[in-house]
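Q: Please see the structure below; I have some questions.
4 protein chains.
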Amino acid sequence: MKPRDENKIAQVYKATLKLVKARGLAGITMQSVAKEAEMATGTLYIYFKNKDAIIFNLFHVCVQNSAQVFFRNYNPSAPYKEALHLIWYNIMRHRMEHFDESVFLEQCFHSPFIDEPTKVRVKKMFDPLRELIERGKQEQELKDMDSFWLLSFMMGSINEVVKRAVYFNKKISDEMLEMNFMMCWDGMKA
Amino acid sequence: MKPRDENKIAQVYKATLKLVKARGLAGITMQSVAKEAEMATGTLYIYFKNKDAIIFNLFHVCVQNSAQVFFRNYNPSAPYKEALHLIWYNIMRHRMEHFDESVFLEQCFHSPFIDEPTKVRVKKMFDPLRELIERGKQEQELKDMDSFWLLSFMMGSINEVVKRAVYFNKKISDEMLEMNFMMCWDGMKA
Amino acid sequence: MKPRDENKIAQVYKATLKLVKARGLAGITMQSVAKEAEMATGTLYIYFKNKDAIIFNLFHVCVQNSAQVFFRNYNPSAPYKEALHLIWYNIMRHRMEHFDESVFLEQCFHSPFIDEPTKVRVKKMFDPLRELIERGKQEQELKDMDSFWLLSFMMGSINEVVKRAVYFNKKISDEMLEMNFMMCWDGMKA
Amino acid sequence: MKPRDENKIAQVYKATLKLVKARGLAGITMQSVAKEAEMATGTLYIYFKNKDAIIFNLFHVCVQNSAQVFFRNYNPSAPYKEALHLIWYNIMRHRMEHFDESVFLEQCFHSPFIDEPTKVRVKKMFDPLRELIERGKQEQELKDMDSFWLLSFMMGSINEVVKRAVYFNKKISDEMLEMNFMMCWDGMKA
DNA sequence: CATGAATGAGTTTTCATTCAT
DNA sequence: TATGAATGAAAACTCATTCAT
Numbered sequence: 000m001k002p003r004d005e006n007k008i009a010q011v012y013k014a015t016l017k018l019v020k021a022r023g024l025a026g027i028t029m030q031s032v033a034k035e036a037e038m039a040t041g042t043l044y045i046y047f048k049n050k051d052a053i054i055f056n057l058f059h060v061c062v063q064n065s066a067q068v069f070f071r072n073y074n075p076s077a078p079y080k081e082a083l084h085l086i087w088y089n090i091m092r093h094r095m096e097h098f099d100e101s102v103f104l105e106q107c108f109h110s111p112f113i114d115e116p117t118k119v120r121v122k123k124m125f126d127p128l129r130e131l132i133e134r135g136k137q138e139q140e141l142k143d144m145d146s147f148w149l150l151s152f153m154m155g156s157i158n159e160v161v162k163r164a165v166y167f168n169k170k171i172s173d174e175m176l177e178m179n180f181m182m183c184w185d186g187m188k189a
Numbered sequence: 000m001k002p003r004d005e006n007k008i009a010q011v012y013k014a015t016l017k018l019v020k021a022r023g024l025a026g027i028t029m030q031s032v033a034k035e036a037e038m039a040t041g042t043l044y045i046y047f048k049n050k051d052a053i054i055f056n057l058f059h060v061c062v063q064n065s066a067q068v069f070f071r072n073y074n075p076s077a078p079y080k081e082a083l084h085l086i087w088y089n090i091m092r093h094r095m096e097h098f099d100e101s102v103f104l105e106q107c108f109h110s111p112f113i114d115e116p117t118k119v120r121v122k123k124m125f126d127p128l129r130e131l132i133e134r135g136k137q138e139q140e141l142k143d144m145d146s147f148w149l150l151s152f153m154m155g156s157i158n159e160v161v162k163r164a165v166y167f168n169k170k171i172s173d174e175m176l177e178m179n180f181m182m183c184w185d186g187m188k189a
Numbered sequence: 000m001k002p003r004d005e006n007k008i009a010q011v012y013k014a015t016l017k018l019v020k021a022r023g024l025a026g027i028t029m030q031s032v033a034k035e036a037e038m039a040t041g042t043l044y045i046y047f048k049n050k051d052a053i054i055f056n057l058f059h060v061c062v063q064n065s066a067q068v069f070f071r072n073y074n075p076s077a078p079y080k081e082a083l084h085l086i087w088y089n090i091m092r093h094r095m096e097h098f099d100e101s102v103f104l105e106q107c108f109h110s111p112f113i114d115e116p117t118k119v120r121v122k123k124m125f126d127p128l129r130e131l132i133e134r135g136k137q138e139q140e141l142k143d144m145d146s147f148w149l150l151s152f153m154m155g156s157i158n159e160v161v162k163r164a165v166y167f168n169k170k171i172s173d174e175m176l177e178m179n180f181m182m183c184w185d186g187m188k189a
Numbered sequence: 000m001k002p003r004d005e006n007k008i009a010q011v012y013k014a015t016l017k018l019v020k021a022r023g024l025a026g027i028t029m030q031s032v033a034k035e036a037e038m039a040t041g042t043l044y045i046y047f048k049n050k051d052a053i054i055f056n057l058f059h060v061c062v063q064n065s066a067q068v069f070f071r072n073y074n075p076s077a078p079y080k081e082a083l084h085l086i087w088y089n090i091m092r093h094r095m096e097h098f099d100e101s102v103f104l105e106q107c108f109h110s111p112f113i114d115e116p117t118k119v120r121v122k123k124m125f126d127p128l129r130e131l132i133e134r135g136k137q138e139q140e141l142k143d144m145d146s147f148w149l150l151s152f153m154m155g156s157i158n159e160v161v162k163r164a165v166y167f168n169k170k171i172s173d174e175m176l177e178m179n180f181m182m183c184w185d186g187m188k189a
């Protein structure tokens with residue numbers, strides 16, 4: 000499959016994300032995706048093998064995107080709190096700006112579309128963050144507990160806030176963003 | 000005459016939760032629910048008008064359940080940290096033990112099954128927790144910021160941890176549970 | 000099947016006729032019949048082998064009824080016009096008063112419920128009328144043409160009038176009834 | 000691109016009429032219609048919203064057709080008997096040649112598919128015939144009675160004859176057709 | 001390549017019939 | 001007997017996928 004119009008793929012992804020956010024994975028049909036992406040159903044099959052392929056490929060694009068954004072401008076030799084702040088902030092911004100992707104990924108994890116090995120592979124992509132947490136513990140900046148919980152806690156401080164901000168249509172100011180990070184940091188720090 | 004077997008409704012709910020957890024809202028069919036609940040498909044329609052009704056009703060049952068459990072043994076005149084600890088713990092336990100309900104609710108929020116007014120009504124059910132947070136701010140136990148973010152942060156410290164514990168099949172000891180609460184508390188406290 | 004409550008059968012027939020008139024043979028379900036007859040669906044199966052049996056038996060009851068009513072007070076040795084008038088009048092009255100039966104019979108004729116041999120047997124039940132028409136031709140009271148058409152014409156002069164009277168909720172006076180017979184008679188007479 | 004095959008609608012109508020004639024409205028299923036029309040069941044839903052729509056639309060097509068055919072070649076300034084003869088003949092021919100349509104319309108009138116307002120609208124379409132009868136009364140060609148009954152009588156002289164001719168597989172010669180009109184005329188004339 | 005009509009397998013829903021009470 | 005819940009086969013309808021244009 001060597002499609003001419005690379006832009007069409009983006010349209011399909013965009014349409015899918017919009018629909019999943021609005022109606023869930025359960026709600027998307029090839030027809031609805033085609034309509035939202037402003038093309039014929041048949042055209043979808045020129046660019047994707049089948050429905051599963053759309054979801055599977057989009058899943059990987061989203062994961063890829065996240066991993067990339069999370070570590071943008073990351074300088075491992077920066078002071079610890081600063082380094083963590085950057086990543087926390089990167090993640091928060093990305094989630095805010097691409098909330099539909101978060102929803103999509105979330106739903107994929109509870110669907111037959113994504114299998115177990117894939118989930119494990121995804122987990123690996125966030126190893127650098129795991130390592131940063133490990134460093135924090137060694138430098139006695141963070142509480143001395145299994146990194147697993149520290150990481151979960153940190154992600155929770157982001158995910159839930161984003162989710163509720165979007166659900167309840169709440170704007171978050173830069174100042175408030177900072178205070179949210181402070182909560183996270185105070186929670187994690189030794 | 001054979002009376003209506005009210006137990007069947009519980010069987011259907013249980014089956015639905017199990018299936019949604021395993022395959023997502025997208026994955027359930029009436030046939031699969033009937034099979035999992037060990038009854039004929041036609042029987043489903045004796046107890047529920049249609050597929051939507053199963054999901055809609057189950058949604059409300061789950062919400063009801065949560066709200067009830069959250070404030071079990073709650074004593075409003077207890078010392079602040081103790082009061083918050085109890086509720087945090089109640090929520091955490093409930094989420095752990097009824098993870099399938101959390102997944103289900105999560106998926107419902109991004110589905111055509113649950114409409115906007117319903118979401119608002121649900122939010123209301125957790126007002127008592129909002130009030131407890133308000134009290135914490137007045138008593139200067141908690142950081143001075145919009146309760147909305149404090150609440151989100153607190154819920155995040157629970158939800159994400161539960162989710163990851165279940166996903167990655169991680170056991171959490173009582174001691175670790177306590178440390179997780181400490182992270183939450185340190186994050187929120189003034 | 001030796002049912003105790005003979006009245007129940009009548010209830011079922013009455014319910015069926017009412018429903019067929021309102022919604023056609025297509026519209027009746029065992030549940031709707033049971034509800035209309037004020038009994039449980041299971042009870043229907045005590046009195047009738049199955050759905051077909053209800054329709055089949057009712058069909059025969061209706062046919063029987065018609066045939067009986069048509070020739071009530073019939074005196075074969077009466078003057079010709081008088082004899083024909085009586086039967087015409089009997090049929091007209093019966094159709095008017097039991098319009099639902101006419102509708103039911105009509106629909107049965109175009110349904111898989113009634114087979115070809117049955118239709119032929121039914122035709123036979125109206126032989127006395129055919130004979131009266133034959134007599135009319137011999138006595139040169141009626142037009143000299145195949146009795147088949149004379150009979151059809153006569154029945155048409157009744158059926159259509161009844162149908163339209165009911166459809167459009169039109170009352171017919173005794174005088175007008177007489178004039179309708181006059182049309183029929185003028186049409187048939189030599 | 001494959002354009003919408005408008006011919007398919009005609010195929011569906013034809014199939015429906017055939018099936019209703021043979022088995023009644025009760026007997027048609029979407030599958031049977033699709034098979035008879037030689038297409039997949041899914042295709043039916045491209046051209047019609049649902050089963051009701053097939054019946055509803057076909058109903059209107061049939062009514063339209065009838066109304067149109069009835070007045071073919073009609074010359075209002077022709078001598079009265081001649082004018083009536085033409086219309087009687089048009090109706091008779093149409094009914095004979097499209098008996099399935101008559102059966103279908105008949106069944107529709109006793110079905111949940113066609114509502115009361117529709118029935119009234121249909122009645123209106125035959126006003127021109129009503130007017131012709133009115134003219135007959137003014138010119139003292141017809142009996143002096145409510146046109147309603149004259150019209151019903153006339154239609155009955157056609158419908159019943161056609162019905163029986165078809166049911167009993169009876170051929171009707173041109174001469175016999177003429178005699179049937181004579182019966183009708185003798186019945187109506189002053 | 002692009003389209004949307006056509007397909008038919010799969011899903012939701014209905015309903016005749018059975019069965020436990 | 002009478003009831004209405006339970007059943008599952010069949011009907012209505014949807015939708016991923018193919019195909020003719």
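Protein chains in written order, with numbering that gives the first Met the number 0: chain C, 0 to 189; chain L, 0 to 189; chain B, 0 to 189; chain A, 0 to 189.
Glycine is no exception: its CB is placed at the ideal position from the N, C-alpha and C atoms.
1. Measuring only the C-alpha atoms, how far is VAL32 of chain B from LYS50 of chain A?
2. State the start and end residues of the unbroken alpha helix (DSSP H) segment that holds TYR12 of chain B.
3. Looking at C-alpha atoms only, which residue of C:LYS122, C:LYS123, C:LEU149, C:VAL119 is the closest neighbour of GLU133 of chain C?
4. Quick check: THR42 of chain B and GLN30 of chain B, are their CB atoms within less than 8 Å of each other?
5. With C-beta atoms as the reference, is MET110 of chain L less than 8 Å away from LEU16 of chain L?
6. Using the Cα positions of LYS118 of chain C and PHE58 of chain C, report the straight-line distance between them to the nearest angstrom.
7. Which of the three DSSP states, helix, strand or coil, is assigned to LYS188 of chain C?
8. Beta-carbon of LYS185 of chain A versus every beta-carbon of chain B: anything under 8 Å?
9. Using a Cβ-Cβ cutoff of less than 7 Å, which residues in the same chain neighbour PRO127 of chain B once the five nearest sequence positions on both sides are dropped?
10. Cβ of PHE152 of chain A less than 8 Å from any chain B Cβ?
11. Measuring alpha carbon to alpha carbon, tell me which of A:LYS170, A:HIS84, A:LEU104 ends up nearest MET153 of chain A.
12. Kindly say whether GLU100 of chain B, judged by its beta-carbon, lies nearer than 8 Å to any beta-carbon of chain A.
13. Does any C-beta atom of chain B lie closer than 8 Å to the C-beta of GLY23 of chain A?
14. What are the start and end residues of the alpha helix (DSSP H) that includes LEU57 of chain C?
15. What residue range does the alpha helix (DSSP H) around SER151 of chain B cover?
16. Do ALA52 of chain C and VAL11 of chain C come within 8 Å of each other at the CB atom, strictly closer than that value?
17. Less than 8 Å between the CB atoms is what I'm expecting for ALA82 of chain B and PRO75 of chain B, so what's the real figure, rounded?
18. According to a CB-to-CB cut-off of less than 9 Å, which residues of the segment 113-131 of chain B neighbour chain A?
19. Looking only at DSSP bridge pairs, what is LEU141 of chain L linked to?
20. Is the beta carbon of LEU141 of chain A closer than 8 Å to that of ALA77 of chain A?
21. Smallest Cα separation from TYR73 of chain L: which of L:ASN179, L:PHE167, L:LEU131?
22. Measuring only the C-alpha atoms, how far is MET0 of chain B from ILE8 of chain B?
23. Is the Cβ-Cβ distance between ARG129 of chain L and SER146 of chain L less than 8 Å?
24. Please compile the residues from chain A whose C-beta is within a distance smaller than 9 Å of the C-beta of GLN106 of chain B.
25. Between LYS20 of chain B and VAL102 of chain B, how many whole angstroms is the CB-CB distance? I'm expecting something under 8 Å.
26. Contact criterion: CB-CB distance below 8 Å. Does MET178 of chain L meet it with respect to chain C?
27. For ILE113 of chain C, does the three-state DSSP call read helix, strand or coil?
28. Report the option in A:MET144, A:ASP173, A:ASP4, A:ALA14 whose CA atom is closest to the CA atom of MET95 of chain A.
29. Got a sec: is the Cβ-Cβ distance from ILE148 of chain C to anything in chain L below 8 Å?
30. Would you mind stating whether SER151 of chain A and MET182 of chain A have Cβ atoms separated by less than 8 Å?
31. Measure the beta-carbon distance from ASP185 of chain C to GLY135 of chain L and round it to whole angstroms, keeping in mind my assumption that it falls under 8 Å.
32. Exposed or buried, what is ARG3 of chain L when buried is set at 16 or more other beta-carbons lying within 10 Å of its beta-carbon?
33. If you check the beta carbons only, do VAL60 of chain C and MET124 of chain C fall under 8 Å apart?
34. I need the DSSP call for PRO2 of chain L, collapsed to helix, strand or coil.
A: Reading off the structure:
1. Looking up residue 32 of chain B in the third sequence gives position 33. Looking up residue 50 of chain A in the fourth sequence gives position 51. Going by the C-alpha atoms only, they are around 23 Å apart.
2. Position 13 of the third sequence, counting from 1, holds the residue named residue 12 of chain B. Residues 5-22.
3. Translated into positions along the first sequence, residue 133 of chain C becomes position 134. Of the candidates C:LYS122, C:LYS123, C:LEU149, C:VAL119, the one whose C-alpha sits nearest the C-alpha of GLU133 of chain C is C:LEU149.
4. Taking the first residue of the third sequence as 1, we reach residue 42 of chain B at position 43. Taking the first residue of the third sequence as 1, we reach residue 30 of chain B at position 31. No, the Cβ-Cβ distance between THR42 of chain B and GLN30 of chain B is not below 8 Å.
5. Residue numbering aside, residue 110 of chain L sits at position 111 when the second sequence is read from its first letter. Residue numbering aside, residue 16 of chain L sits at position 17 when the second sequence is read from its first letter. Correcting the residue identity first, residue 110 of chain L is Ser in this sequence and not Met. In terms of Cβ geometry, SER110 of chain L and LEU16 of chain L do not form a close pair [threshold 8 Å].
6. In the first sequence, the residue the question calls residue 118 of chain C occupies position 119. In the first sequence, the residue the question calls residue 58 of chain C occupies position 59. The C-alpha of PHE58 of chain C is placed about 11 Å away from the C-alpha of LYS118 of chain C.
7. Stepping through the first sequence from its first residue, residue 188 of chain C is reached at position 189. Of the three classes helix, strand and coil, the one that applies to LYS188 of chain C here is strand, per DSSP.
8. The residue labelled residue 185 of chain A in the question sits at position 186 within the fourth sequence. As written in the sequence, residue 185 of chain A is Asp, which differs from the Lys given in the question. Cβ-Cβ to chain B under 8 Å: yes for ASP185 of chain A.
9. Numbered from its first residue, the third sequence carries residue 127 of chain B at position 128. If the five residues before and after PRO127 of chain B are omitted, its C-beta is found closer than 7 Å to the C-beta atoms of PHE70, all from its own chain and listed in chain order.
10. Here residue 152 of chain A is taken as the residue at index 153 of the fourth sequence, counted from 1. Proximity of PHE152 of chain A to chain B, defined by a Cβ-Cβ separation below 8 Å, is satisfied.
11. Locating residue 153 of chain A in the fourth sequence gives position 154, where the first residue counts as 1. The shortest CA-to-CA distance from MET153 of chain A to any of A:LYS170, A:HIS84, A:LEU104 is the one to A:HIS84.
12. The residue you call residue 100 of chain B lines up with position 101 of the third sequence. Not one chain A Cβ lies under 8 Å of GLU100 of chain B.
13. Working through the fourth sequence from its first residue, we reach residue 23 of chain A at position 24. Under the 8 Å criterion on CB atoms, GLY23 of chain A is classed as interfacial with respect to chain B.
14. On the first sequence, residue 57 of chain C is found 58 positions in, with the first residue counted as 1. Where LEU57 of chain C is concerned, the enclosing alpha helix (DSSP H) stretches over 50-69.
15. As a working mapping, residue 151 of chain B is identified with position 152 in the third sequence. Under the DSSP assignment, SER151 of chain B falls in the alpha helix (DSSP H) whose first and last residues are 146-166.
16. In the first sequence, the residue the question calls residue 11 of chain C occupies position 12. In the first sequence, the residue the question calls residue 52 of chain C occupies position 53. Not a contact, by the Cβ cut-off of 8 Å.
17. Residue mapping note: residue 82 of chain B aligns to position 83 of the third sequence, counting from 1. Residue mapping note: residue 75 of chain B aligns to position 76 of the third sequence, counting from 1. About 7 Å separates the Cβ atoms of ALA82 of chain B and PRO75 of chain B, confirming a contact at the 8 Å cut-off.
18. Residues passing the 9 Å Cβ filter: LYS118, LYS122.
19. Residue mapping note: residue 141 of chain L aligns to position 142 of the second sequence, counting from 1. DSSP output for LEU141 of chain L lists L:LYS188 as bridge partner(s).
20. In the fourth sequence, residue 77 of chain A corresponds to position 78, counting from 1. In the fourth sequence, residue 141 of chain A corresponds to position 142, counting from 1. For ALA77 of chain A and LEU141 of chain A, no; Cβs fall outside 8 Å.
21. Numbered from 1 along the second sequence, position 74 holds the residue referred to as residue 73 of chain L. Nearest to TYR73 of chain L by C-alpha distance, out of L:ASN179, L:PHE167, L:LEU131, is L:LEU131.
22. The count along the third sequence starts at 1 and reaches residue 0 of chain B at position 1. The count along the third sequence starts at 1 and reaches residue 8 of chain B at position 9. Caution applies to MET0 of chain B, whose pLDDT of 47 falls short of 50 and renders its modelled position unreliable; the value that the coordinates give is listed next. So the alpha carbons of these two residues sit roughly 12 Å apart.
23. Taking the second sequence and counting its residues from 1, the one referred to as residue 129 of chain L is at position 130. Taking the second sequence and counting its residues from 1, the one referred to as residue 146 of chain L is at position 147. Yes, they are a contact pair.
24. In the third sequence, the residue the question calls residue 106 of chain B occupies position 107. Within 9 Å of the CB of GLN106 of chain B, the CB atoms of chain A belong to GLY23, LEU24, ALA25, GLU105, GLN106, HIS109, in sequence order along the chain.
25. Reading the third sequence from its first residue, position 21 is the one you call residue 20 of chain B. Reading the third sequence from its first residue, position 103 is the one you call residue 102 of chain B. That pair is a contact at about 5 Å.
26. To locate residue 178 of chain L, count along the second sequence from 1; it is residue 179. For MET178 of chain L, the answer is yes, since a Cβ of chain C falls inside 8 Å of its Cβ.
27. Numbered from 1 along the first sequence, position 114 holds the residue referred to as residue 113 of chain C. The DSSP-derived three-state label of ILE113 of chain C is coil.
28. Counted from its first residue, the fourth sequence places residue 95 of chain A at position 96. A:ASP173 is the residue among A:MET144, A:ASP173, A:ASP4, A:ALA14 whose C-alpha sits nearest the C-alpha of MET95 of chain A.
29. On the first sequence, position 149 is the one that residue 148 of chain C refers to. Reading the sequence as shown, one finds Trp at residue 148 of chain C and not Ile. Contacts with chain L at 8 Å (Cβ-Cβ) include TRP148 of chain C.
30. On the fourth sequence, position 152 is the one that residue 151 of chain A refers to. On the fourth sequence, position 183 is the one that residue 182 of chain A refers to. Not a contact, by the Cβ cut-off of 8 Å.
31. Position 186 of the first sequence holds residue 185 of chain C. Position 136 of the second sequence holds residue 135 of chain L. That belief does not hold up - the Cβ atoms of ASP185 of chain C and GLY135 of chain L are roughly 15 Å apart, past 8 Å.
32. Position 4 of the second sequence, counted from the first residue, corresponds to residue 3 of chain L. It counts as exposed.
33. The residue labelled residue 60 of chain C in the question sits at position 61 within the first sequence. The residue labelled residue 124 of chain C in the question sits at position 125 within the first sequence. No; because the gap between Cβ atoms is not below 8 Å, this pair is not in contact.
34. Residue mapping note: residue 2 of chain L aligns to position 3 of the second sequence, counting from 1. Residue state, collapsed to three classes: coil.
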